[in-house]
Structure formats: C-alpha cells, structure tokens
C-alpha cells in the first residue's frame, strides 16, 4: 500500500471511528434516557392539550433528548405523578449528574413520603453540586433534626445563619434544639430574634410561650401567646427550584390546594392567578369559583368576588357554602336588600344551610324582627348544636327583646360548647355582678382574665363593676 | 483483542470496554483503538437498542401495589342507638368494661358530648348506655383500673372543642367506676391545651398508675406525664414536650429495658414521632424516631403492633389528616406505615401502602393465616369518587410485604377503628365510628361492627 493510500485509509478509519464513537455515545445515552421513561400513567380526565404535550415530550425523550427527559420529570412531579417523576429523576441524576436540581427535586418527593434518610442523601448530593442553595441546606438541617442527628442539624442551622443572618427558619430550628436541651435562655434569644425578623409568623411566638412557661415566666408567656394569636403557624422558606413546578401544574385540585397554602396566603395576587388557572382547566367546578370569590373579596375586589360567587351558586345551587359566602359578601358590600333576596333563594335550595339561617337571623335582627330572628337561630342551633355562634346570637336576640333570663341561659349553653368563649364569659360575669352573685362573678372574672382573647379594657370594666357592686376587689 | 462486555440490566444495552491484550496487535496501538471504536460503532448500531426498554427500574419511592377489591369479605352491622343527624364518633375502643366476660364497645360522641358504653348482652348484641355526658368534646376513652379497686375506670380526653381553637379548654378526666357501672368524673387537669389522648402506666414504678397525656392544642400544645400522688385523685404534671399537635400517646416498653416508655405522634407543622425512653423512675429521654419535612404530611394516628412477631413492639402510623387548607380532602402522600422496632430505641420506617385520608391503624389477622395484617379507615378521601375507599386491609404475606385490599367504599368519613375479640372465639372483630363533620352526608354511619360476610372462611 502506498503512503498516500495509507494516509487516506488512516483518515477514513479516524473519521469512521469518530462517527462510531459519536454514534455509540449518542445511542448509548439515547437508550439510557429511554430506559428512564416511565410507563405512561392513566391520564383519563386530564386536559387533552396537556396529554398531547406530554406525548411529544416523551417522544423526544425516547430519541435521547436529555432535556426532554428532564422536562417529562418536572411535568410529572408538578402534577402529582410522583412515581413517574422519581424514575425520571433517577435517570437525570445519571445523565445530567452536574445539575443539582435533580437530586433536590427527588429529595422533595421522598421527604414528602416520609423517606427522610434517602432525602438526606440526595440533599447532601445537591449541596455537593451547589453549596449556595440556602433551602437545600435548611431542608437538610431540618431532616437531620428529625432523624435525631442533632449535632449535624445544629451545624447545618448555624451554617444557614452564617450565610443569611436573617434566616428565621434556621433560628426556629436552632431554638427547637435548645428547647430539647432545656436551654431556655438560648431558645428565647433565638426565638425573639425570629419574631423580630418575621413578626407575622406565629410559630416563634408559640414556641416562645412554651419557653416562658417552662422557665417559669407566666407573664411573658401570656404576652407571647397574645402576640402570636391569629398568625399563621408556618411559612415555607423561599424555594425557587421547587416553586417553578406550579407553572406546569394542570390539576385544578392541586392548584386549589396550592392557592390555600401558607406560601400563597401572603401573596394573594399569585393565589388568585392559580385559581384563575384552575378555573380555566375546570370552568364548571363551583368550588373553585367559591374559593376565588372569597379570595377576591379578601383582596378588596368585591365586584369580581360577587361575580365568581354568583357563578358558584349557579353551577352548584345545593352547595350551602356557596350561598353563605355570596350572602356574606353582599352584606359586607352594603347590598343588604340583594343579600336578603339571595338568602331566601339560597334557603329554597338548601333549607338546612346553617350559614344561611345565621345570615337570615342577622338580617331580621337588623330590621328589629326578633321573633323571626329567634326562629332562624333556633333552626341554626338544631343544625349545629356543637357551635357556640348560634347560642351567642340567640342570646343577643333575647337581650334585644328584653328576654334577659333566656339570653343568659343561651350564653351558658355557649360556654358549655365552647368553654373559653370570650363574649359568653364576660356577659355572664357582668350578669353575675349585677345580680349580686359574688362567687360566680369572682369565678367568671378569673376565667375572663385567663382568656387572653378578652380585651384588657373589658377586664378593667368588669373589675370596676365588681368593686362597685361588692365593695371589694375580685 | 478481547472485548469485555458489561450488561446494564435495566436497559438491556451493552456497554463495551476495550482491554488490550498483550501480543494481539503489537505494532500500532492507535490502529487498535481506531478499530475498536469502529467496531463499537457497528455494535452500537446493530445492538438492538432501538427497541424501547421496559421501565423496570426501581426507584427509591415504593411503587404502589395494585389495590384489590375485597368488599365482599366484611359486612357492616349497625350497633347502638339509631341516628338521624350527623354522628361525630371521635373514638371507639373495645374493653370488657363490666368484666362479665363479654367485651363491650366504648365510644366518644364528641358532638353530643357523650361517652357511650355499648354493653354486649349477647353475641354481637349491644345495649347502648350513656355513662357520662357534659364534658365538652370527648375524643378518647381508655379503660383502666386507676384506683386499683378491681373495676375498670375510664380515662377521658376532652378537647373542649373539636375544631381549631387555641384556647386552653382541654381537660383530663377520670370517670371512676363505683363497681356498679356508675361513673363519677374526677377532673385531674383542666384549662390546658386541648387533650386528645390519655394512657396509663406506672412510669415512676411506685406501684401507682400514672398518666401520659397528648395535648394537641392548636398553636400551643404539650405532651405531659402526670405522676399519681396516690391520694384524692391528685397528680403532678411533668411536661415532656412543648409543641403544638400531639395526637396520640402510646405506653409500652419500646426499648426493652423493663421500663414503660411513651411514644407520641406530633402533627401540625412538625410531623414527627417521638419516643420518650424511660430510663427508670420516670426519667424520660426524648428522641425523634420518625419525621417528615413535609409540613402537610397529615399525621393522624399511631398504635402498637408486632407485625414481624419478633417480640419487640412496633408502631403503626397513619398520615391522612386532610383538614389543612382549602377544603378537606386527600393528599397523594397519605398512607399507612410502620416503624419497625430494631431494639435499643431504634426504629426503621417502612411504607405499608397508600391510602388517602388514612386514620386509626389497627393490627389484625383478618384472613386468619397467622400473619399480622393492618387495617385503617379513611376520614378524608375524595368522596365524590365512588371508588374512594373508606376501609382498607393491608394483607401481610408473612414477610411484611403488604397487599392492599379495599374492604369498603362506604359508609364514608370513618375516623376511628378498633378491634377486639367480641365473640370470645379468639378472633378479632373490627369496630368503626363515623365522623360526619363535612359533606357529603349521603353515606353516614355511627357505630358499626364488621362481621365476616362468610363466617365459614
């Protein structure tokens, strides 16, 4: 063979080898990618365009597109197909091993199902790939804490605080470790910092109350309890790697649930957007219109709220909650005549709707028709004997119509079904004072003082009334 | 040249590794490499990788088992008083309360504030007697001889109000049995965070039964044990945990050191199971034995078991509380689990099966094959679906692999279950309670026993 021939042969061989190598790697990864494509789950009832889209993504993944395989996993995860998403994430960790997103999202699925040890392994992998993602570090510390690996958890929380001194989630985690160790001072310090950084969150106040109670500071405990009242107990940390999944969600139920989670409670516009998407997917679902209506009302958009609530009762006229919310919003919006009309219509569809009987009673009280109001409230009590609201409202109606003894009897019933009801306690305390029953007055006043929902001004008034009546301090 | 092939078992595709064998092609290693790569290409092209492999790979998430329809196995039979309203049976229990040799049913009607005794008068014949009323929101009743007089008293947990309320309106009540089935209430603690569960055990080993108390509260909850001071129903409280959400307490020697320990599941945003290991004399060392970082996990119930019959007490565990957020409903991660007691205070978590809205796990050998199965009820399934299960059986194959069976689709809203040898034949019968606090209301029940549809099998 001539030199030229040998060179030509060599070049051909090199080119063939390169093509071969490329083909080998391509087909290898293609077949590997395909091996992580799960069997298509039952998608009956899902939106047709989404099913088509999923088929296209799957087809691309079958041809070896790693990007599409990842896309497939994200879509499965976002829509609650966790088994399928898990398989894809296993594949992505092998095919795209440098991307921390895959072990992170996989850990989210596994921890969601209680498989914390696996989740921790994956979170460790995540942080090995990207040590800067704060939520992964926080989740790892929280997971270690739940696995009783306290020292590692503590180190993790401290690293979170080193990276972000305002990380109140880490402060709560550390405080819990201090509480377990009965190190009340450190726990208090950590929780007080958390309350300063996130005063709208209930959890640090709740833990502070426990810390103060345990360390013998009842006054501070009471203050912490008052400060935390009505505040949400939990708030998820920002988690952009996971949050983007909701954009892929095609399940109206999941969108509804997501819109009601603490993450969206402080972001009503985002919650409204989720519910609007849910409605676009399930326009005939009355409950979504109802939920959106109430959210819009809380977001001071009463007209839009009424539109959705009207739609809700039209779609499902036998849903008592839909009518109750509609009437409530009409009343709060000052449309009292329309509210009364809708109450009557609602009761014709739902004669046993407790909320409508309550609204009806309130409407009758407002117009001075106590007899009708009392009738409605008696119906409400028959339907919901376990709730205090019926007894309290009935008591008020009785008082307004000068049936004092009947009203007191109803307040006593309210206190039976809800032992700490603040209005019932203070009303009965005042009645005991005025009727000269010193022992009962003293007992009820003590109860009122212990009930932190009774305003201090009411306590002061009752104390003064007691002193005036009995000539001594309670 | 020798080709060494390794097979990726899952994909069925071949990966090749070239290894140079001395003496095969000596003069031109580059040519060898090129030739190898070319051959590899040919192999890759012709190796049959075009066929889509079957997705047989296992993931770390257990694949759900195929659920079998076994609604023919059991037949629900109403016991106790008839009803027209929406029953709120928060708890059922089986105990021979009057010690007449026939196990009875004890239940809490938490809407009517009643403690019910369903006295078994004949086989599966019950007479319902209200043994206590007026304590607000009774949610758990446990029979135990607290005063050592030979009859069974009742430990009554009172939430004050069932639905969310952070007021300190819970109470610990003991209904003292006078021996003639008259019950006198003793309020042991009141105006405390809402109480969900009370169990008895002699933790300080002084011969007197003490109490373990789970207080759900709402924003503030607690777990305490109450030392029996031995006179006038006086107890001293020792707080073990200051977190919201304790649902249940269990009392058993989990660590095997001869002292009674306490276990508790804590829900709300914490979602943990704690073991308070008793080192003796009531010196408890807390330890988390399970936790989820999913704040919506929905811990709903725990009970003791010994699924693998190794003599160590395991813990059955459900997560199915669907009362968070929006409307009550199931979550995809709801299910039944067990914490296998590995000894020395160590537990291993195992998934038993998926079950939306799962509550009240109970160990029972339902098919009488000698292996201990698990049943659970559902309080929060998607009742708009006719196939939603309200009662499920997880059949143990003997190796703690569980096959899920639906035992009933309705009645719906079953929140509590218990099992007891009601017939005295050595086999357990299921009892369930219906808790109908939210719609739909079309498949209601109050108290049911579940008889075998074919008693011969």
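Chains as they are written, first to last, in the numbering used here: chain A, 31 to 504; chain B, -8 to 448. Ideal Cβ placement from N, Cα and C applies to all residues, glycine included.
Residue burial classification, residue i (beta-carbon count within 10 angstroms, cutoff 16)
i	result
residue 195 of chain A	exposed
residue 218 of chain A	buried
residue 0 of chain B	Legend: pLDDT at residue 0 of chain B = 33, less than 50; position of this residue unreliable, value from coordinates given subsequently. Exposed, since its Cβ has fewer than 16 Cβ neighbours within 10 Å.
residue 275 of chain B	buried
residue 463 of chain A	buried
residue 102 of chain B	buried
residue 498 of chain A	exposed
residue 85 of chain A	exposed
residue 476 of chain A	exposed
residue 43 of chain B	Confidence in residue 43 of chain B is poor, its pLDDT being 45 and thus under 50, which makes the residue's placement unreliable; the coordinate value appears in the next sentence. The residue is exposed, with fewer than 16 neighbouring Cβ atoms inside 10 Å.
residue 296 of chain A	exposed
residue 219 of chain B	buried
residue 233 of chain B	buried
residue 210 of chain B	buried
residue 217 of chain B	buried
residue 367 of chain A	exposed
residue 68 of chain B	exposed
residue 466 of chain A	exposed
residue 157 of chain B	buried
residue 206 of chain A	buried
residue 236 of chain B	buried
residue 258 of chain A	buried
residue 287 of chain A	buried
residue 57 of chain B	exposed
Pair within 8 Å by beta-carbon distance, residue i and residue j
i	j	result
residue 110 of chain B	residue 480 of chain A	no
residue 74 of chain B	residue 437 of chain B	yes
residue 318 of chain A	residue 309 of chain A	yes
residue 63 of chain B	residue 444 of chain B	yes
residue 413 of chain A	residue 382 of chain A	yes
residue 408 of chain B	residue 368 of chain B	yes
residue 324 of chain B	residue 103 of chain A	no
residue 336 of chain B	residue 420 of chain B	no
residue 423 of chain A	residue 388 of chain A	yes
residue 252 of chain A	residue 482 of chain A	yes
The ligand SAH heavy atom lying under 7 Å from the CB of residue i
i	result
residue 53 of chain B	You won't find the ligand SAH in this model; it holds no ligand whatsoever.
Candidates the options, of which the one nearest residue i by Cα
i	options	result
residue 449 of chain B	B:392, B:411 and B:380	With chain B covering only -8 through 448, there is no way to say anything about residue 449 of chain B.
residue 440 of chain B	B:398, B:388, B:260 and B:151	B:398
residue 444 of chain A	A:398, A:417 and A:468	A:417
residue 387 of chain B	B:225, B:298 and B:108	B:298
residue 262 of chain A	A:283, A:280 and A:231	A:231
residue 115 of chain A	A:270, A:136, A:96 and A:406	A:136
residue 393 of chain B	B:419, B:277, B:342 and B:270	B:342
residue 79 of chain B	B:54, B:226 and B:106	B:106
residue 242 of chain B	B:84, B:267, B:331 and B:100	B:267
residue 195 of chain B	B:270, B:232, B:230 and B:225	B:270
residue 130 of chain B	B:59, B:119, B:185 and B:139	B:185
residue 167 of chain B	B:413, B:301 and B:139	B:139
Limits of the beta strand (DSSP E) - the one that residue i falls within
i	result
residue 396 of chain B	393 to 399
residue 406 of chain B	405 to 411
residue 294 of chain B	290 to 296
residue 187 of chain B	186 to 192
residue 217 of chain B	213 to 219
residue 279 of chain B	275 to 282
residue 418 of chain A	Element bounds for residue 418 of chain A: not the beta strand (DSSP E) but the alpha helix (DSSP H), 418 to 430.
Endpoints, alpha helix (DSSP H) assigned at residue i
i	result
residue 292 of chain A	292 to 295
residue 305 of chain A	298 to 311
residue 190 of chain A	180 to 193
residue 279 of chain A	Run containing residue 279 of chain A: none; DSSP gives neither H nor E here.
Cβ contact check for the segment 239 to 256 of chain B and the segment 296 to 307 of chain B: 3 or more pairs under 8 Å:
yes
Meets three-Cβ-pair contact criterion under 8 Å: the segment 431 to 438 of chain A and the segment 446 to 456 of chain A:
no
Can you confirm whether the segment 152 to 167 of chain A touches the segment 175 to 184 of chain A when touching is taken to mean that 3 or more C-beta pairs between the two stretches lie within less than 8 Å?
no
At least 3 beta-carbon pairs within less than 8 Å: the segment 170 to 180 of chain A vs the segment 276 to 285 of chain A
no
If you pair each beta-carbon of the segment 424 to 434 of chain B with each one of the segment 111 to 130 of chain B, do three or more pairs fall below 8 Å?
no
Contact the segment 328 to 338 of chain B vs the segment 279 to 299 of chain B: 3+ CB pairs below 8 Å:
yes
Is it a yes or a no for the segment 184 to 193 of chain B touching the segment 134 to 146 of chain B, going by three-plus beta-carbon pairs under 8 Å?
yes
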